[in-house]
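Undergrad: Chains as they are written, first to last, in my numbering: chain F, 1 to 508; chain A, 1001 to 1153. Cβ coordinates follow ideal geometry from the N, Cα and C atoms, glycine included. Keep in mind that this is a model prediction, so the values were computed, not measured.
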Amino acid sequence: MGWENLLLGFGIALQPHNLAVAVLGITLGTIIGVLPGLGGANGVAILLPLTFSMHPNSAIILLTSLYWGALFGGAITSILFNIPGEPWSVATTFDGYPMARQGRGGEALTAAFTSSFVGALFAVILITLFAPLLAEIALKFGPPEFFAIQLLTFSSFIGLGGGNPIKSLVSILIGFILACAGLDIVTGQLRLTFGITELMKGFDFIVAVIGLFGIGEILLSVEEGLSFRGVHARINPKVVWQTWKTLPRYYRTFIRSAFIGFWMGFKPGGATPASFMSYAFAKRFSRNPERFGKGAIEGVVAPETAAHAAGSAALLPMITLGIPGSPTAAVMLGGLIIWGLQPGPMLFQEKPDFVWGLIASMYTGNVIGVAMVLAFVPFFAAILRIPFSILTPLIVAVCAVGSYAVHDSMIDIWYMLLFGVIGYVFKKLDYPLAPLVLALVLGDLAENALRQSLIMSQGSLLILFQRPISGVISVVALLFFALPVINPYIRRARAGKPTVEVSTPHDG
Amino acid sequence: MRTADLTTALVLMAGGVLVIWDSLRLGIGWSSDGPQSGFFPFWLAVVLIASCAAIAWQAGRRGRGRPFLTRAQLKPVLTTLLPSAGFVVLTQFIGLYVASALFMGFYMRWIGRYGWIPIVLISVLFPVVTFVVFETWFLVPMPKGPLEAWLGY
């Protein structure tokens, strides 16, 4: 670790055309975040084909900027329209929307954007410090360690994701089974194709992301009727300045939420529980908790800081281990592979300009992002006033464009439609979608790691527990798997003692 | 909700049986070069079937609950899903650009009841912008049909 690496990164991120790429990415990302049915993950997936002809350094800056933009955009719809654009924005609506109704929309938006910025900045500083260390440790990892980390990834969806743990497990299994379909690269045999040639290519997770999150979400949102109603908000330098003057008062909320966000975020599925948890903590430690839910500014600060810290932290395992922490990070990982880079710890040594350019762009992207959203809120909010009958076919068509572009294949548009229906049904029945997508992405990696581990041990699964690092990780993973079973007993043992009420819907 | 939960679990279990059948064909044991191709999917499918059985059992014990979809909700969902499916079918035959124009025009007329001028403007604008951005700037081709062939692309 040295400052020269970070300086090298800034040298790349501050090149004029990369700054232009960041501005473009944030604009498109915010639009995507505001639009119903399009969010971080599928927005990044749809625009991924545009990066095929770009230099990888600029391409990753475009995708991460889209991601920041989508995170900011989610706050706009939550506060002005009471529609959480993303699952981790749900907690922002609790106090953001009441503030907007009281005519304090500008204040709420300023607080939300500033908190997002602080949360992201905190996480990015920690990433800068820890990413090189983690990558160095990861260089010593063998197949058992990588398989153990995968176990940990999926066990945390089951143990910490909330919701029905069996349904989370089913989502994971479906993802892994879909990943098996097609050519088995190790033995050269065709699996699960049943003699159908089209199935040979398997299922691309990018298409699954577009269908599950894009089309599925559209079907869900039309269910509630075909229009939106929002609150108008004025935002001008005076409001921004006055809000900024009050914000330092909540420094405790900021620090606490940033830590919760980072801690939850580098584990998968963390952003949503992080936002709820930090809202609950802010309420519990507040001097006037009765104001929460009626327009308390801390109720906006807490979830936004945590969600952005978590959203940024999700990129840490992606760049250091090659294991994404969220569906959006998974799409970026897919991008890395398409641009010809090998994700994983070696990236720090082989492509330092790429990694440090990415890290530096997290700083520049967030600075540009917060300035842009503060300046152009009315423009972004106006997007939701486009009539539904234009937006709906537009989004479906954009999803089709993105699905086709991944492999220039018509069958992918059919898969998109199919995944859309599956996404809609699963969402209604509370099957979480994020673990399905991650399992589909990681399927091949997980299977190969398991195969190689089993070859090393001549068929014994105990190898996962015999090596020190993989042993510790596997034990923690088993603990998470068992958590839904043990939890009722822990709760009974603790009964009587007051606990912080944390509700954690899964997904995200 | 209960019926939908049970149906989904049963469909997934049937899928699991298919996966097991194919895995047995590939071999689920150990060969000279490590686990055989069917090993991983076989165990995934076994756990899948067991989990779906548990979900079905949970759902069976619960009451009927609120319906999966009310009649009032069904209509807007179908009015979005069916035209979208039609759009995909059209794309297969006449290319994405013409199909998206027809789809947008149809939806705006049917749901939005717009006049013909905005309909023509927007439904032509979208494919043109997509064409310029994807096909010419970023060199990403889209499915094309007879109209594009006639125009020389």
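May I have the straight-line CA-CA distance separating GLY293/F from ASP95/F, to the nearest angstrom?
TA: Taking the straight line from one Cα to the other gives about 5 Å.
Undergrad: Exposed or buried, which one is TRP3/F when buried takes at least 16 other CB atoms within 10 Å?
TA: TRP3/F comes out exposed.
Undergrad: Judging by CA-CA distance, which residue of GLY1065/A, VAL1047/A, ALA1085/A is the nearest neighbour of VAL421/F?
TA: VAL421/F has its Cα closest to that of ALA1085/A, out of GLY1065/A, VAL1047/A, ALA1085/A.
Undergrad: Can you tell me whether DSSP reads TRP1030/A as helix, strand or coil?
TA: TRP1030/A falls in the strand class under three-state DSSP.
Undergrad: Please compile the residues from chain A whose C-beta is within a distance smaller than 8 Å of the C-beta of LEU527/F.
TA: Since the first residue of chain F shown is 1 and the last is 508, residue 527/F is not available in this structure.
Undergrad: Would you list the one or two residues that DSSP bridges to GLY182/F?
TA: Looking at the DSSP assignment, GLY182/F forms a beta bridge with ARG191/F.
Undergrad: Evaluate contact between the segment 70-81 of chain F and the segment 427-443 of chain F, counting only Cβ atoms and requiring at least three cross-stretch pairs below 8 Å.
TA: The answer is no - the segment 427-443 of chain F does not touch the segment 70-81 of chain F, with fewer than three Cβ pairs under 8 Å.
Undergrad: Should ILE1094/A be flagged as near chain F, meaning a C-beta pair shorter than 8 Å?
TA: It does not: the Cβ of ILE1094/A has no partner Cβ on chain F nearer than 8 Å.
Undergrad: Among residues of its own chain, excluding the 5 on either side of ALA1009/A, which ones have a beta-carbon nearer than 8 Å to its beta-carbon?
TA: Correct list, in chain order: CYS1052, ALA1053, ILE1055, ALA1056, ALA1059.
Undergrad: Within the 8 Å Cβ cut-off, does GLY1152/A reach chain F?
TA: Output row for GLY1152/A: interface = no.
Undergrad: Can you look up LYS427/F in the DSSP assignment and give me helix, strand or coil?
TA: DSSP places LYS427/F in helix when its eight states are reduced to three.
Undergrad: DSSP three-state call for GLY1016/A: helix, strand or coil?
TA: Correct three-state label for GLY1016/A: helix.
Undergrad: Express the C-alpha separation of PRO1143/A and PRO248/F in angstroms, rounding to a whole number.
TA: Approximately 54 Å, taken between the alpha carbons.
Undergrad: Helix, strand or coil: how does DSSP classify PRO1035/A here?
TA: Looking at PRO1035/A - three-state DSSP - the assignment turns out to be strand.
Undergrad: Listed in chain order, which residues of the segment 1129-1140 of chain A have Cβ atoms closer than 9 Å to some Cβ of chain F?
TA: From the segment 1129-1140 of chain A, only THR1130, VAL1133, PHE1134, TRP1137, PHE1138, LEU1139, VAL1140 have a Cβ closer than 9 Å to chain F.
Undergrad: On the criterion of 16 or more Cβ atoms from any shown chain inside 10 Å, does PRO87/F qualify as buried, or is it exposed?
TA: By the 10 Å Cβ count, PRO87/F comes out buried.
Undergrad: Run through the DSSP bridge pairs and tell me what LYS1144/A is partnered with.
TA: According to DSSP, LYS1144/A bridges with GLY1095/A.
Undergrad: Determine whether the beta carbon atoms of SER361/F and ALA271/F lie at a separation below 8 Å.
TA: No, the Cβ-Cβ distance between SER361/F and ALA271/F is not below 8 Å.
Undergrad: With 8 Å as the threshold, decide whether the Cβ of LEU1026/A is near any Cβ in chain F.
TA: Output row for LEU1026/A: interface = yes.
Undergrad: Taking beta-carbon pairs under 7 Å, can you tell me which members of the segment 1093-1117 of chain A lie near chain F?
TA: The residues in question are LEU1096, SER1100, PHE1103, MET1104, TYR1107, MET1108, ILE1111, GLY1112.
Undergrad: Could you say which of LEU1151/A, ASP1022/A, THR1130/A, VAL1124/A lies nearest to GLN189/F if we only look at CA atoms?
TA: Of the listed residues, the one whose Cα sits closest to GLN189/F is ASP1022/A.
Undergrad: Is there a Cβ from chain A that is less than 8 Å from the Cβ of ARG451/F?
TA: Yes, contact with chain A.
Undergrad: Identify the contact partners of MET1142/A in chain F, using a Cβ-Cβ distance below 7 Å as the criterion.
TA: Ordered by position in chain F, the residues that pass the 7 Å Cβ test against MET1142/A are VAL401, TYR404.
Undergrad: Quick one, which residues of the segment 1029-1047 of chain A are near chain F if we go by CB-CB under 9 Å, in chain order?
TA: For the segment 1029-1047 of chain A, which is checked against every Cβ of chain F, the residues closer than 9 Å are TRP1030, SER1031, ASP1033, GLY1034, PRO1035, GLN1036, SER1037, GLY1038, PHE1039, PHE1040, PRO1041, LEU1044, ALA1045, VAL1047.
Undergrad: Who are the neighbours of ASP184/F on chain A, taking C-beta pairs under 7 Å?
TA: SER1037, listed in chain order.
Undergrad: Which of helix, strand or coil does DSSP assign to TYR67/F?
TA: Looking at TYR67/F - three-state DSSP - the assignment turns out to be helix.
Undergrad: Taking 8 Å as the CB-CB limit, is LEU442/F close to chain A?
TA: Not an interface residue.
Undergrad: For GLY344/F, name the three-state secondary structure that DSSP assigns.
TA: Coil, per DSSP.
Undergrad: For SER257/F versus GLY119/F, is the C-beta spacing smaller than 8 Å?
TA: Yes. Within cutoff.
Undergrad: Under a CB-based cut-off of 8 Å, is TRP244/F close to chain A?
TA: Chain A contact via Cβ: absent.
Undergrad: Taking Cβ positions, are THR305/F and SER115/F nearer each other than 8 Å?
TA: It is a contact, given that the beta carbons lie within the stated cut-off.
Undergrad: According to the neighbour-count rule (16 or more other Cβ atoms, all chains shown, within 10 Å of its Cβ), is GLN1036/A buried or exposed?
TA: Label assigned to GLN1036/A: buried.
Undergrad: Give the interface partners of MET410/F over in chain A, defined as CB-CB distance under 8 Å, in chain order.
TA: In chain order: THR1091, GLN1092, PRO1143.
Undergrad: Within the 8 Å Cβ cut-off, does THR1003/A reach chain F?
TA: Closer than 8 Å: no.
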